[in-house]
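Enquirer: Structure below; questions to follow.
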Amino acid sequence: MMNPTYRVPIRKNKRPAQYDQFEATELYCPRCRQAMPVRKRLLLVLPEGDKYEYLCAACLTAVGDKIEKNTEGITLVRP
Ligand SMILES: [Zn+2]
14 MMNPTYRVPI RKNKRPAQYD QFEATELYCP RCRQAMPVRK RLLLVLPEGD KYEYLCAACL
74 TAVGDKIEKN TEGITLVRP
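This is how it looks when you write it as structure tokens:
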């Protein structure tokens, strides 16, 4: 039986104080009137995925959001 080694990311939402700095992007902030670095914050945990909110790092205005679908945690079940 094949038993390939997968790198399964462990992403249980038990680290509320940590942010994924890798994904830090710049989004246009209407308040600062320019593209600003953003902070990503977990907003909601939905059945279809986790909803994140992006906040301007300077003034904390919400400048966007996104839902990360829970596709990474799928367990490969093979007969
Ligand atoms: Zn701002």
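In terms of my numbering, the sequence shown opens at residue 14 and continues consecutively.
The beta carbon of each residue, even a glycine, is placed where N, CA and C say it ideally should be.
Computed from a prediction, not measured in an experiment: that's the story for all the values here.
1. Alpha carbon to alpha carbon, how far is G77 from M49?
2. Nearest by alpha-carbon distance to P43: which of L57, K82, L68, D63 is it?
3. Within a Cβ cutoff of 8 Å, which residues of the same chain sit near Q34, ignoring the five residues on either side of it in sequence?
4. From L40 to P92, what distance separates their C-alpha atoms?
5. Does L73 come out as helix, strand or coil in the three-state DSSP assignment?
6. Could you give the first and the last residue of the continuous beta strand (DSSP E) run that contains E61?
Expert: Reading from the atomic positions:
1. In a straight line, the C-alpha of G77 is about 12 Å away from that of M49.
2. Considering only alpha carbons, the answer is L68.
3. With a pLDDT of 48 at Q34, under the threshold of 50, the modelled position of this residue cannot be trusted; read the value that follows with caution. Correct list: empty, nothing qualifies.
4. When only Cα atoms are considered, L40 and P92 end up about 45 Å apart.
5. Note: L73 maps to coil in three-state DSSP.
6. Careful: E61 lies outside any beta strand (DSSP E) and carries neither H nor E.
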